[in-house]
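Notes follow the structure.
In this note's numbering, the protein residues as written are 1013 to 1243.
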């Protein structure tokens, strides 16, 4: 019987990305002290497990790929952590160890397991950093149960970090957040495409199955043209 680690659900992310007019922007460098990566809505990271596949602890560049909606409006279509400079040649679905083989067997073609977004934001962070982020949010709420971490902390950071970029909205579309200002541990946060939803991540590998990149897909090509645009 297959173990969860034996599943490799392939997806041609390269062909999908080439369908769009994309602008690549390096939006930060992610510190991964344990190499155990969590991808989640930044306000719902507590229950999100790290991926089974890990990387060598280090600092890695993170890129956003902006899709042109019109002359004055772009949206983040993909975000990528790059672990090696060479190119990936195949992509597999990134999985967490809380999935069962039964759940994997229930997947139909084109279906995936990912993570939910309920705040319009997503983030990459290390398991160690996640502990710091959860502690920081809980500390704020203990002092003021009515507080909102985005309004109290993140809104200003987003605006200052990316709000003046020509491809970002004025409120800021990406941010380099340090839950502990005295630590190098950080979370690279970004707007999640068209907003709330359920999104997959894919490991990009070379022919030797070395880990080249991790791509978060915001399914930008599946948007509803009647979506209200935020400014």
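Glycine included, C-beta positions come from ideal geometry on N, C-alpha and C.
Cα-Cα separation, residue i to residue j
i            : j            : result
residue 1231 : residue 1091 : 11 angstroms
residue 1161 : residue 1081 : 30 angstroms
residue 1116 : residue 1075 : 30 angstroms
residue 1024 : residue 1221 : 15 angstroms
residue 1145 : residue 1174 : 21 angstroms
residue 1182 : residue 1118 : 42 angstroms
residue 1142 : residue 1057 : 7 angstroms
residue 1040 : residue 1207 : 21 angstroms
residue 1188 : residue 1054 : 12 angstroms
residue 1245 : residue 1226 : Summary: the structure shown does not reach residue 1245, with the chain confined to residues 1013 through 1243, and so no result is reported for it.
residue 1176 : residue 1129 : 25 angstroms
residue 1148 : residue 1198 : 12 angstroms
residue 1223 : residue 1112 : 23 angstroms
residue 1114 : residue 1156 : 42 angstroms
Residue i (DSSP reduced to helix, strand or coil)
i            : result
residue 1101 : coil
residue 967  : Missing from the structure shown is residue 967; the chain here goes from 1013 to 1243 and no further.
residue 1090 : strand
residue 1159 : coil
residue 1169 : helix
residue 1043 : strand
residue 1050 : strand
residue 1213 : strand
Contact belief for residue i with residue j at Cβ below 8 angstroms, rounded distance in angstroms
i            : j            : result
residue 1051 : residue 1134 : 7 angstroms
residue 1201 : residue 1186 : 7 angstroms
residue 1093 : residue 1072 : 5 angstroms
residue 1037 : residue 1078 : 6 angstroms
Residues near residue i in its chain [Cβ-Cβ closer than 7 angstroms; skip 5 each side]
i            : result
residue 1205 : 1087, 1088, 1089, 1230, 1231, 1232
residue 1139 : 1046, 1048, 1050, 1062
Spatial neighbours of residue i in its chain, beta-carbon cut-off 6 angstroms, leaving aside the 5 residues before and after
i            : result
residue 1126 : 1210, 1211, 1212
**Report entry** Cβ pair count under 8 angstroms reaching 3, the region 1148-1160 against the region 1092-1102
**Finding:** No: fewer than three Cβ pairs fall under 8 angstroms.
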